[in-house]
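In my numbering, the protein residues as written are 1221 to 1423.
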């Protein structure tokens, strides 16, 4: 990626999306079983909580992402979305997960957890076999991990904009970092819980 390509880059967790697809597959099996079981129309009420769980998996596992653009970084976690201008970014850390440090707070990135010991060891062995450099401050910076790949995406764009003189230095305290609730996630959770409770009363 170079600064000549100013398009936003979006990072998502392949692991989270894989879990989401697995959940949908299990719920689909339950839904088909519920429809084919003998009984009256009340058996269809059981589809409501299954649909609610599928929607919850979508907003909690599929939608979270990290978006990097020339304007800044947008972190969509499960419940909140945080927008960080480049001027406010102080440090990029990967100890437990990709964490973006700004004045007075640290913003963890849900889609970029650091690898466990087993995963880090496996990736390190693979890197040695392939003759690639293992120079990384910590396991969370390793290429091929969610935290390492996402951190590289942020650091590369950050460095390019700094070299191009497009980030004003010394104003981190004044640069506005905004945070908002994810209304779609909250709506799905509340409506899903209410609809599921009502449907279960009919069973």
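We treat Cβ as the ideally placed atom computed from N, Cα and C, and that holds for glycine.
Item to check | residue 1286 beta carbon less than 8 Å from that of residue 1331 | outcome: yes
Checklist entry - Under the DSSP definition of a beta bridge, which residues are partnered with residue 1303? => result 1294, 1398
Item to check | Beta-carbon contacts of residue 1305 that lie in its chain and below 6 Å, excluding the five residues immediately before and after | outcome: 1292, 1395
Checklist entry - Since residue 1420 sits in a beta bridge, which residues does DSSP pair it with? => result Beta-bridge pairing links residue 1420 to no other residue.
Next on the checklist: Closest to residue 1296 by C-alpha separation, out of 1415, 1316, 1420, 1402, would be which residue?
Outcome noted: The candidate whose alpha carbon is nearest that of residue 1296 is 1402.
Checklist entry - Using the beta-carbon count (16 or more within 10 Å), is residue 1221 buried or exposed? => result Confidence at residue 1221 is low in this model, with a pLDDT of 43, below 50, so its placement is unreliable and the value that follows should be read with caution. Exposed: under 16 other Cβ atoms inside 10 Å.
Item to check | Three-state secondary structure assigned by DSSP to residue 1375 | outcome: helix
Checklist entry - CA-CA distance, residue 1271 and residue 1294? => result 29 Å
Checklist entry - Are the CB atoms of residue 1298 and residue 1405 nearer to each other than 8 Å? => result Contact flag set, yes.
Checklist entry - Helix, strand or coil: which one does DSSP assign to residue 1288? => result DSSP places residue 1288 in strand when its eight states are reduced to three.
Item to check | C-beta contact flag for residue 1334 and residue 1360 at 8 Å | outcome: Yes, the Cβ-Cβ distance between residue 1334 and residue 1360 is below 8 Å.
Checklist entry - When the distance is taken between beta carbons, is residue 1269 closer than 8 Å to residue 1420? => result yes
Checklist entry - Using the C-alpha atoms, what's the distance from residue 1289 back to residue 1227? => result 7 Å
Next on the checklist: From the DSSP secondary-structure annotation, give me the bridge partner or partners of residue 1328.
Outcome noted: 1319
Checklist entry - What is the DSSP secondary structure of residue 1333, reduced to helix, strand or coil? => result strand
Checklist entry - Would you call residue 1301 buried or exposed, if buried means 16 or more other Cβ atoms sit within 10 Å of its Cβ? => result buried
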